[in-house]
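Residue numbers -20 to -1, 1 to 272, in mature numbering (1 follows the signal peptide of the UniProt record, and there is no 0), belong to the letters of the sequence shown in order. Note that the Cβ used here is the ideal one computed from N, Cα and C, for glycine as well. Take a look at the structure below.
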Amino acid sequence: MTGRVAAALALCLVTIGLGACSSGSSPTPTASTSPPTVTSDSTSLGAPTPRQGDRYVALGSSIASGFGISEQDGSSCGRSNRDYSQLVAARYGLKLVDVSCGAAFIPNVVDTRQGDNPPQLDALTADTRLITISVGGNDIVFNGTALVCGNPATHCTAPADLDAKLAALPGQLRTMVDAIRAKSPSARIVFVTYPREMPATNCPAMSLDDDELSMLRSMGDKLEATFVDVFAKSNVVLVDPYAAPGDHTACAAPSERWTNGFTVPTGEGFSYHPTALGHRAMADLIEKALAG
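Here is the structure:
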């Protein structure tokens, strides 16, 4: 059995049904079958489910911050009051500290300032009970490459050093988790993968030619495979919207669209990033994982 097959089998251990989740006054997206999530069998899984009033810290890049989704907090990080961490905090009555930041790399989470923003791990404390994180795409220049490709005046190719960046990513992610665990040993850590941004079949909303779409879809698949390989055997709860069945990209109907294409209406997010509906879907998956 290959490692990828083993990881795929691990993904089937816990099944999450979006239709059964509530999201306050907002409509809940539904799926024809249940997308999976992974819970591992070590420290994080043994941490208690967060309770009302617990401290919750949200880490990550623009995928976590809800970049471009109104209302924004006015910071350079592009945090939305409708990102998935805000929704999860409201559902559980948690004290949220959201330090996710658009354009963040893994070093910006661990130990490197991002402009005026200190390393995100500075927000962690010994009494933190829940930590969510989405990060890693910028470290292989995934969304940056997509933005260049989406420009109708350009034709792009994969980054020349993509293989080297992919090879370095697992070690970076493991080091990050070790640093998180050292600062917040009693927290449940939840890693949320990127929703699928690139469809199997092209459409005008993507603003990509077929070669560009194929290349970017391959990058997304490799990023997803890295996340699964690292976190399916770790002390982290893996929530995996990328594996949700059906098309939730910009080519889907608006009621199923979890990610944007190249052109985005004002206040509706950012190119090739999650929509507000996508953040609700991610929040539903997180809630199901915590309940499980």
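Measure from the alpha carbon of G200 to the alpha carbon of each residue in Y174, Y72 and G95, then state which is nearest. Counting from one through the sequence shown, the residue named residue 200 turns up at place 220. Nearest C-alpha to G200: Y174.
Which whole runs of the beta strand (DSSP E) in the segment 105 to 176 are 3 residues long or more, in chain order? Counting only unbroken stretches of 3 or more residues, the beta strand (DSSP E) elements lying wholly within the segment 105 to 176 are 108 to 114 and 168 to 172, in sequence order.
Can you tell me whether Y222 is helix, strand or coil according to DSSP? Locating residue 222 in the sequence shown gives position 242, where the first residue counts as 1. In this structure, Y222 counts as helix in the three-state DSSP scheme.
State yes or no: is the C-beta of D78 within less than 7 Å of the C-beta of R109? The residue given as residue 78 occupies position 98 in the sequence shown. The residue given as residue 109 occupies position 129 in the sequence shown. Their beta carbons are not under 7 Å apart, which means D78 does not touch R109 by this criterion.
Using DSSP with H/G/I as helix, E/B as strand and the rest coil, what is L265? On the sequence shown, residue 265 is found 285 positions in, with the first residue counted as 1. Correct three-state label for L265: helix.
Looking at I86 and M178, is the spacing between their C-beta atoms short of 7 Å? Locating residue 178 in the sequence shown gives position 198, where the first residue counts as 1. Locating residue 86 in the sequence shown gives position 106, where the first residue counts as 1. No, these two residues do not count as a Cβ contact at 7 Å.
Which word fits G247, buried or exposed, when buried means at least 16 other C-beta atoms lie within 10 angstroms of its C-beta? Counting from one through the sequence shown, the residue named residue 247 turns up at place 267. With fewer than 16 Cβ atoms within 10 Å of its Cβ, G247 is classed as exposed.
What residue range does the beta strand (DSSP E) around residue 274 cover? Within the shown structure, residues of the chain are numbered from -20 to 272, placing residue 274 beyond reach of any answer.
Under 7 Å between C-beta atoms of A167 and I120: The residue labelled residue 167 in the question sits at position 187 within the sequence shown. The residue labelled residue 120 in the question sits at position 140 within the sequence shown. Between A167 and I120, the CB-CB gap reaches or exceeds 7 Å.
Straight-line CA distance for S22 to I169? In the sequence shown, residue 22 corresponds to position 42, counting from 1. In the sequence shown, residue 169 corresponds to position 189, counting from 1. Confidence at S22 is low in this model, with a pLDDT of 37, below 50, so its placement is unreliable and no value can be given for it.
Check the C-beta distance from A269 over to V217 and give it rounded, since I have them as a contact under 8 Å. Counted from its first residue, the sequence shown places residue 269 at position 289. Counted from its first residue, the sequence shown places residue 217 at position 237. Between V217 and A269 the Cβ distance is about 5 Å, and since that is below 8 Å, they are a contact.
Quick one: what does DSSP say Y64 is sitting in, helix, strand or coil? Residue numbering aside, residue 64 sits at position 84 when the sequence shown is read from its first letter. DSSP places Y64 in helix when its eight states are reduced to three.
Looking only at C-alpha atoms, which of S55, R197 and S42 sits nearest to V89? Taking the sequence shown and counting its residues from 1, the one referred to as residue 89 is at position 109. Comparing Cα positions, the closest option is S42.
According to DSSP, which residues form a beta bridge with E248? Here residue 248 corresponds to residue number 268 of the sequence shown, with the count starting at 1. Beta-bridge pairing links E248 to I49.
Quick one: what does DSSP say A69 is sitting in, helix, strand or coil? Here residue 69 is taken as the residue at index 89 of the sequence shown, counted from 1. If DSSP states are grouped into helix, strand and coil, A69 belongs with the helices.
Answer yes or no: do D107 and R35 have a C-beta to C-beta separation smaller than 7 Å? Within the sequence shown, numbered from 1, the residue matching residue 107 stands at position 127. Within the sequence shown, numbered from 1, the residue matching residue 35 stands at position 55. Inclusion of D107 and R35 in the CB contact set at 7 Å is warranted, their separation being smaller than that value.
Short of 6 Å in beta carbon distance, which residues of its chain neighbour K145, apart from the five on each side in sequence? Order them along the chain. As a position in the sequence shown, residue 145 is number 165, starting the count at 1. Cβ within range, chain order: I120.
Using C-beta distances below 8 Å, list every residue in its chain close to T137, excluding the 5 sequence neighbours before and after it, in chain order. Along the sequence shown, one-based indexing puts residue 137 at 157. Cβ within range, chain order: M195.
Using a Cβ-Cβ cutoff of less than 7 Å, which residues in the same chain neighbour R93 once the five nearest sequence positions on both sides are dropped? On the sequence shown, position 113 is the one that residue 93 refers to. Sequence-distant Cβ neighbours of R93 in its own chain, meaning closer than 7 Å and more than five residues away, are P99.
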